[in-house]
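As you go down the protein sequences, you meet chains A and B in turn.
Quick note: the first sequence, position 266, residue 266 per the working numbering, numbers continuous.
Quick note: the second sequence, position 287, residue 287 per the working numbering, numbers continuous.
Note that beta-carbon positions come from the ideal geometry of N, C-alpha and C, so glycine has one too.
Okay, so here's the structure we're looking at.
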Amino acid sequence: MPDSDYILEMKKIRKQFPGVLALDDVDFDLKPGEVHVLLGENGAGKSTLMKILSGAYSKDSGDIFINGKKTEIGTPANAQGLGIGIIYQEFNLNPYMSVAENIFMGREPVIVPGVINWHRLYRDAQAILDGLNVNISAKQKVESLGVAMQQMVEVAKALSLDARILIMDEPTASLSNNEIESLFQTILDLKKQGVAIIYISHRLQEIFEIGDRVTVLRDGQYIGTKPVSEITRDDMVRMMVNRSLDDQIPKQKAKVGDVVLKVENLNVEQRLKDISFELRTGEVLGIAGLMGAGRTRLAKTLFGAETIKSGTILINGKKLELKSPRDAINAGIGLVTEDRKHEGLILDLPVKQNISMPNIRKFLRRGVINFKKENTVVDEYIDKLNIKTPTRNKLCVNLSGGNQQKVVLSKWLCSDARIFIFDEPTRGIDVGAKTEIYHLMNELTANGIAIIMISSEMPEILGMSDRILVMRDGRIEAEFPGEKATQEQIMKYALGESYEISV
Amino acid sequence: MKSLFKDLDFMQMRQFGTLFGLIALCVLFTILSPHFLSASNLLNVAQQSAIIAVISVGMTFVIITAGIDLSVGSVLAFSGVVMASVLHTGLPIPVGILVGFAVGFSCGLVNGLLVTYGNIPPFIATLGMMSIARGAGLWYTDGRPISGFDDSFRFLANGEIFHIPVPVIIMVVVYAIAHFVLTRTKMGRYTYAIGGNEEAAKLSGINIKLYLNIIYGIAGLLSALGAVMLTARLNSAQPIAGIMYELDAIAATVIGGTSLFGGKGTVVGTLIGALIIGVLRNGLNLLGVSSFIQQIVIGSVIIGAILLDTNLKKSKA
C-alpha cells in the first residue's frame with residue numbers, strides 16, 4: 001500500500017442490526033483539510049457509520065485505513081488516540097465545571113499525582129481557545145455559555161486530543177445565523193491547519209457554503225461521492241431519495257368516507273404552528289418530514305399529551321376538549337407511539353396486562369376484574385393479530401419488536417379506537433412483521449377506521465398513504481394525493497426553504 | 001424439580017424463594033431451641049410482626065409505584081397521640097379511631113400531593129413529612145405520652161377470637177384486602193403500570209396523579225392503623241413511637257421481592273418478609289443472642305436477600 005493522500009479511508013463497511021442491514025458495504029474517504037459532507041435521510045446509515053468510526057459500534061466487515069495504514073478502531077478511547085474527535089448534537093459537558101476542566105477532563109496536568117496543576121490547566125486550555133479565535137475564558141463555568149460557545153468547548157476538547165479528523169453531527173441545528181457564521185469561520189481555520197472534517201447536515205444551503213465533497217447514503221447503501229462544485233441541489237435530493245419503489249407494500253384502498261377528525265389552526269408553544277387538516281374514515285393520511293419537524297409532537301398533541309395553545313379539534317363535527325390522553329381515548333383515538341419500549345408498553349408486565357391497560361374498565365364487574373372475560377378478549381387479540389407469544393402471561397420484554405408492536409395495536413383495537421395514529425409503525429421491525437402491520441392497517445381502513453401514519457420511510461409513506469402531508473419546522477408545508485407524490489417532491493418540501501431560495 | 005418451576009414466572013419463583021427462606025429459618029430455630037416450635041410462640045411471632053406487617057402493606061404499594069415512604073413511623077406516632085387525646089375526651093372508641101385514621105390519611109395525602117403536584121422526589125417529600133409529623137406529635141403532647149385506655153380498646157391488642165390474637169386477625173384481613181386490590185382491581189393494575197413505566201401508563205389514559213395520591217394516602221392510613229394496634233398494646237400513645245419503623249417496613253418489602261425500581265412486587269412476598277424479620281428476632285432472642293448482634297444479623301439478611309435477587313435475575317436474563 002503506497003502512502004495515501006487520504007487521512008481516512010473506510011472500505012466496504014458492513015453493519016447488520018437485528019432485522020435491518022444498517023450499512024451495506026459503504027465506502028467513505030477523507031482528505032486532510034477538507035470538509036466532507038455526509039448526506040442522507042433519517043435512517044440512511046450516517047450515524048451508524050460515524051459510530052463505527054468513533055469506536056462506539058464495531059463493524060461486521062470492511063476495512064478502515066488511517067493515513068494509509070489498516071487500523072482497527074475498537075473502542076472510543078482508541079478512536080481518540082487515533083485523532084478522531086466527534087461532536088455530538090448533545091454535548092457531553094459538565095455544566096458546573098470550568099471550561100478548562102471540561103476540556104481536560106480525566107487528563108488534567110498534575111504537579112504530583114493527584115494534585116492538579118491549575119496554572120497549567122488554565123493556560124493550556126486558554127491557548128487552545130485562543131487558537132480557535134473564540135472569546136471564551138478557560139475559567140468560565142460551562143453553564144454560563146450559550147449553545148454555540150459550548151459547541152466551541154467541545155471543539156477545543158477534541159483539538160486538545162490532537163484530533164485530525166473531526167466529526168460534526170448537525171452542528172448548526174440549534175445555532176442562530178450569527179453563530180453559524182462564526183462556526184463556519186472556525187471550520188475554515190481548522191481546514192487551514194489541516195484538520196479534516198466530516199460534516200453531517202440536512203441543510204443543503206450550508207453544504208454549498210462550507211463543503212468540499214459530499215457523499216450520499218440511502219437505506220444503508222453508498223450512493224456516491226461528488227465534489228460540491230459539480231453537484232446541484234436537485235442532484236443531491238435525487239441521490240438521497242431516488243430509490244426504486246418496487247418494494248411490495250400491500251396497500252389496499254378502502255372506501256374513503258366522511259370527515260372524522262378536523263384540526264383547525266392548531267398551535268403548540270414553540271412547536272406547532274397553524275396546523276390544519278382533515279382526516280376521513282377509511283383513509284391513511286401519511287405525514288412525512290425530517291426528524292424534529294414536529295410530527296411526533298403533533299401526534300402527542302392530538303392524543304392529549306401536550307398543552308394546546310390555540311386551535312380546535314373536531315371529532316365527527318363535535319369540538320373535542322383535550323386535557324389528557326384519557327379524553328383522547330374516550331373520543332376514540334389510539335396512539336401507537338414511536339418509542340414502544342418507553343411509551344407504548346410496560347415491558348416488565350405481561351402481554352395481558354399491557355393489552356388491557358387502557359381498557360380495564362371493560363373487564364370490571366362490580367369493581368373487580370373478571371379474569372375470564374379479560375383472558376378471553378386478550379386471547380382473541382393474540383390470535384387475531386398472530387402475536388407470537390407462548391402465553392398471555394409472557395412479559396413483553398421477551399417479545400420481538402414486531403410482536404411488541406402488535407401488542408400495542410391490540411391495546412387500541414380493544415379500546416374501540418376509530419382513529420389510529422401510527423408514529424413510525426414499522427421502526428425496528430423485521431420485514432415479515434412489517435408486511436403483517438401493513439395488512440393490519442388495510443384491515444383497519446376496510447373497517448372504516450381512519451389512520452394517521454407518521455413515517456420517515458419513503459416507500460412506506462408513498463406506498464400506504466391515500467394522502468400525504470409534509471411537515472417542516474412545526475408547519476404543514478405541502479399536501480399531495482398519495483398516488484401523485486414523488487420522493488423528490490416530498491424531500492424538497494421536508495428540506496424546506498433553503499432549497500427554494502437558490503432554485 | 002425443573003419441570004415444577006417451568007411454568008412459573010420470575011416473580012412467583014422469587015416468592016417461593018422467600019417462603020423457602022422463612023421455612024429454613026423456622027427449621028433452624030426448631031433445631032437450635034426447644035421453645036421455638038410451639039403454637040403459643042408462633043402466635044407470639046405473628047402478633048409481634050403484625051404492626052410492621054400492616055405498615056409494610058402501604059410501603060409495598062408505594063414502592064411498586066417506584067416511590068418510597070420514609071414518614072410511616074412518624075405518622076404512626078402523630079396519628080396515635082391525636083387518637084389517644086380524642087379517646088381521653090370520652091368520645092366513643094370508633095370516633096377516636098376514625099380521627100386517627102383521618103390524621104394518618106391526611107399526612108399520606110400531603111406526601112402524595114407533594115410528589116404529584118409539587119414534583120418533589122418521594123424520598124425528599126416523605127423525609128420532610130417524617131420530621132414534620134414527628135415534631136407535630138411531640139408538640140401536640142408536649143413530649144409526654146398519653147396513657148390508660150378502656151379494656152374494650154385494649155382488646156384490639158390483647159383480645160383473642162377463637163384463640164387467635166386480634167392483631168393477627170387484623171393483619172390477615174389487611175393482607176387479604178391488599179392482595180385482592182393489587183391482583184383483582186383496576187387500582188392494582190394501575191399501581192404496577194405507574195411503577196413499571198409512568199410514561200406508557202400516562203399514554204394509556206391512566207390518571208397517574210389521582211392514583212399516586214390515593215396510594216400515599218393509604219400508606220398514611222395504614223400507619224394510623226398501626227398506631228391503633230401499638231397504642232392498644234402499650235396502653236399508651238407515645239410521641240416517640242414508631243422510630244425506625246420505616247426501615248423495618250422497607251426491609252420487609254424488599255426481602256419480599258418488591259423492586260425499589262418499581263413495577264414489581266406482591267403483598268404476599270411482603271408478608272413473608274415481615275415474618276422473616278419477626279422469626280429472626282424471636283429466634284435470636286430465644287437463643288439469647290444480644291440485641292446488638294441481632295441488628296447485624298438482620299442487616300445481613302436484607303443485603304443477602306437483595307444480593308441473591310439481583311444475581312438470580314442476571315443469571316435468568
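So, for residue i: in the same chain, excluding its five sequence neighbours on each side, which residues have a beta-carbon less than 7 Å away from its beta-carbon?
| i | result |
| --- | --- |
| A/F208 | V228 |
| A/K46 | L38, G40, I200, L217 |
| B/G143 | P239 |
| B/L21 | For the sequence presented, residue 21 of chain B should be read as Gly rather than Leu. Excluding residues within five positions, the ones whose Cβ falls inside 7 Å are I276. |
| A/G83 | D162, A163, R164, I165 |
| B/R184 | none |
| A/G448 | G257, T281, G282 |
| A/P76 | S54, G55, A56 |
| A/M464 | I249, K251, V284, G286, Y438, M441, M453 |
| A/E264 | S276, G311, T312 |
In three-state DSSP terms, what is residue i?
| i | result |
| --- | --- |
| A/M471 | strand |
| A/I329 | helix |
| A/G428 | coil |
| A/F65 | strand |
| B/F162 | coil |
| A/Q221 | strand |
| A/H202 | coil |
| A/K394 | coil |
| A/S98 | strand |
| A/K12 | strand |
| A/P350 | strand |
| A/P227 | strand |
| A/M453 | strand |
| B/P167 | helix |
| B/F5 | Here the model assigns B/F5 a pLDDT of 46, short of 50, so the residue's position is not dependable, and the following value carries that caveat. Three-state DSSP puts B/F5 in a helix. |
| A/I116 | strand |
To the nearest whole angstrom, what separates the beta carbons of residue i and residue j, a pair I think is in contact under 8 Å?
| i | j | result |
| --- | --- | --- |
| B/V75 | B/G100 | B/V75 to B/G100, Cβ: 10 Å. No contact. |
| A/N403 | A/K388 | 5 Å |
| B/I194 | B/T65 | 5 Å |
| A/E283 | A/A417 | No, A/E283 and A/A417 are not in contact; Cβ-Cβ is about 15 Å, not under 8 Å. |
| A/L49 | A/L23 | 6 Å |
| A/Q140 | A/F91 | Contact flag wrong, Cβ pair sits at about 15 Å. |
| A/R297 | A/I454 | Contact flag wrong, Cβ pair sits at about 10 Å. |
| A/K323 | A/P350 | Not really, about 30 Å apart at Cβ, beyond 8 Å. |
| A/I187 | A/I86 | In fact, because the Cβ distance is near 15 Å, the residues do not count as touching under 8 Å. |
Residues of chain B with CB closer than 7 Å to the CB of residue i, please, in chain order.
| i | result |
| --- | --- |
| A/Q185 | Correct list: empty, because the minimum Cβ distance to chain B is about 42 Å. |
| A/R326 | G205, N207 |
| A/T337 | L203 |
| A/D348 | G196, G263, K264 |
| A/L364 | K186 |
| A/I360 | K186, R189 |
Residues of chain B with CB closer than 9 Å to the CB of residue i, please, in chain order.
| i | result |
| --- | --- |
| A/E343 | N197, E199, A200, K202, L203 |
| A/M357 | R189, Y190, A193, A200, A201, S204, G205, I206 |
| A/I369 | T183, R184, T185, K186, G188, R189 |
Only counting the same chain, and skipping five residues up and downstream in sequence, which positions put a Cβ closer than 8 Å to that of residue i?
| i | result |
| --- | --- |
| B/S131 | S74 |
| A/E170 | Q89, I200, S201, H202 |
| A/G224 | T215, V216, M239 |
| A/A494 | A288, G289, L290, A293, V470, M471, R472, E477 |
| A/V336 | G344, Q405, V408, L409, W412, F420, I421, F422, D423, P425 |
Please work out which residues of its chain come closer than 6 Å, Cβ to Cβ, to residue i, disregarding the five sequence neighbours upstream and downstream, and give them in chain order.
| i | result |
| --- | --- |
| B/E246 | L70, V72, G73 |
| B/F78 | A133, A136, G137 |
| A/S160 | I103, I128 |
Cβ closer than 8 Å: which chain B residues qualify as neighbours of residue i?
| i | result |
| --- | --- |
| A/Q353 | R189, Y192, A193 |
| A/K411 | S204 |
Is there contact between the segment 112–121 of chain B and the segment 259–273 of chain B, where contact requires at least three CB pairs shorter than 8 Å? With a cut-off of 8 Å, the segment 259–273 of chain B and the segment 112–121 of chain B do not count as touching, because too few Cβ pairs lie within range.
Counting Cβ pairs, one atom from each stretch, are 3 or more of them under 8 Å apart for the segment 244–253 of chain B and the segment 56–70 of chain B? Yes, the segment 244–253 of chain B touches the segment 56–70 of chain B.
Three Cβ pairs or more, each shorter than 8 Å: is that satisfied between the segment 113–133 of chain A and the segment 95–103 of chain A? Touching, per the Cβ criterion.
With three or more beta-carbon pairs closer than 8 Å as the criterion, would you say the segment 214–227 of chain B touches the segment 340–355 of chain A? With a cut-off of 8 Å, the segment 340–355 of chain A and the segment 214–227 of chain B do not count as touching, because too few Cβ pairs lie within range.
Taking 8 Å as the cut-off, does the segment 183–196 of chain A touch the segment 9–22 of chain A (at least 3 CB pairs, one atom from each stretch)? Look at the beta carbons and you see the segment 9–22 of chain A not touching the segment 183–196 of chain A: under three pairs across the two are nearer than 8 Å.
When you compare the segment 294–303 of chain B with the segment 224–233 of chain B, are there three or more beta-carbon pairs, one atom per stretch, that lie closer than 8 Å? At 8 Å Cβ cutoff, the stretches do not touch.
Can you confirm whether the segment 166–181 of chain B touches the segment 317–330 of chain A when touching is taken to mean that 3 or more C-beta pairs between the two stretches lie within less than 8 Å? In this structure the segment 317–330 of chain A does not touch the segment 166–181 of chain B; the number of beta carbon pairs closer than 8 Å is below three.
Would the segment 267–282 of chain A count as touching the segment 461–474 of chain A if we require 3 or more Cβ pairs under 8 Å? Result yes; three or more Cβ-Cβ pairs closer than 8 Å.
Using 8 Å as the Cβ pair cut-off and three pairs as the minimum, do the segment 144–162 of chain B and the segment 77–91 of chain B touch? Yes, the segment 144–162 of chain B is in contact with the segment 77–91 of chain B.
Kindly confirm or deny that the segment 156–169 of chain B and the segment 40–49 of chain B touch, where touching means at least three C-beta pairs closer than 8 Å. Enough Cβ pairs lie closer than 8 Å, so yes.
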